[in-house]
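2 protein chains.
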Amino acid sequence: MDDKEQLQLAIGKRVKSLREERDIPQQDLAAKCNIEKSNLSRLEAGGTNPTLYTLKRIADNLGISLCDIVNLEDKK
Amino acid sequence: MDDKEQLQLAIGKRVKSLREERDIPQQDLAAKCNIEKSNLSRLEAGGTNPTLYTLKRIADNLGISLCDIVNLEDKK
DNA sequence: ATTTTGGTTATCATAAATGATAAAATAAGT
DNA sequence: ACTTATTTTATCATTTATGATAACCAAAAT
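Chain order of the listed sequences is C and P. When the letters of the first sequence are read in order and numbered with the numbering used here, they come out as residues 1 to 76. When the letters of the second sequence are read in order and numbered with the numbering used here, they come out as residues 77 to 152.
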């Protein structure tokens with residue numbers, strides 16, 4: 001697996017984990033962020049290389065900073 | 077100006093500032109990151125909404141973390 | 001069993017990021 | 001002034017993120 005795929009999987013896991021910690025369904029988060037639920041599903045599954053703005057909206061609606069949402073080190 | 081534009085300008089400024097601190101020309105950084113110099117120029121000018129992977133490569137070659145490169149608060 | 005609810009997956013269209021290249025502008029050296 | 005280095009800008013092609021929609025799957029609730 002290459003660098004890019006690993007990164008995508010890592011950010012996907014991170015978003016999913018943060019969302020689940022808050023007990024908010026994909027659909028709800030997607031709606032609040034104005035992104036398609038199918039898009040969020042792909043993102044969480046590591047199937048996309050999201051743009052900064054997409055990550056910003058997700059971070060905002062999870063109540064954390066951009067810096068925090070891309071803090072992928074040692075996150076399992 | 078909308079949210080997205082502001083974000084783009086902020087990340088552009090941040091990258092440019094970090095690059096200049098290190099006295100590395102756009103061309104060199106672009107080459108190390110395997111991105112087009114024109115693309116990096118656009119990015120630094122706030123003309124693009126970069127993907128996570130693009131930011132990752134830039135961060136790596138600037139010697140900082142993803143978290144750090146998107147740390148845009150109070151950066152002027 | 002059959003509705004909900006949450007999530008996934010597939011497909012297609014559209015917008016936009018990036019690649020590729022070239023030319024022009026600007027700054028820095030000399 | 002002239003050269004050199006650096007950056008910007010424009011254009012076009014290609015790839016891909018995202019939008020939009022629909023169908024499907026799996027639990028859980030009832």
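Positions of the beta carbon are idealized from the N, C-alpha and C atoms, including for glycine.
Asked, Found
"Taking the alpha helix (DSSP H) that residue 106/P falls in, what are its first and last residues?", "102 to 109"
"Do residue 148/P and residue 98/P have their C-beta atoms closer together than 8 Å?", "no"
"Please report how far the alpha carbon of residue 152/P lies from the alpha carbon of residue 122/P, in whole angstroms.", "Residue placement at residue 152/P is poorly supported in this model, since its pLDDT is 46, which falls under 50; the coordinates are not used for a value here."
"Does the distance from the C-beta atom of residue 55/C to that of residue 128/P stay below 8 Å?", "yes"
"Identify the contact partners of residue 87/P in chain C, using a Cβ-Cβ distance below 7 Å as the criterion.", "52"
"Can you pull the chain P neighbours of residue 33/C, defined as C-beta to C-beta under 7 Å?", "Ordered by position in chain P, no residue passes the 7 Å Cβ test against residue 33/C, which lies about 12 Å from the chain."
"Thinking C-beta only, is residue 118/P closer than 8 Å to residue 124/P?", "yes"
"Given that residue 7/C touches chain P, what residues does it touch there, using C-beta distances under 7 Å?", "128, 129 and 132"
"Got a sec: is the Cβ-Cβ distance from residue 18/C to anything in chain P below 8 Å?", "no"
"Roughly how many angstroms lie between the CA atoms of residue 102/P and residue 87/P, to the nearest whole one?", "15 Å"
"Quick check: what's the CA-CA separation for residue 1/C versus residue 135/P?", "21 Å"
"Report the rounded CA-to-CA distance for residue 37/C versus residue 31/C, giving the unit in angstroms.", "7 Å"
"Which chain C residues sit within Cβ distance under 9 Å of residue 125/P?", "51, 52, 53 and 54"
"Span of the alpha helix (DSSP H) holding residue 130/P?", "128 to 138"
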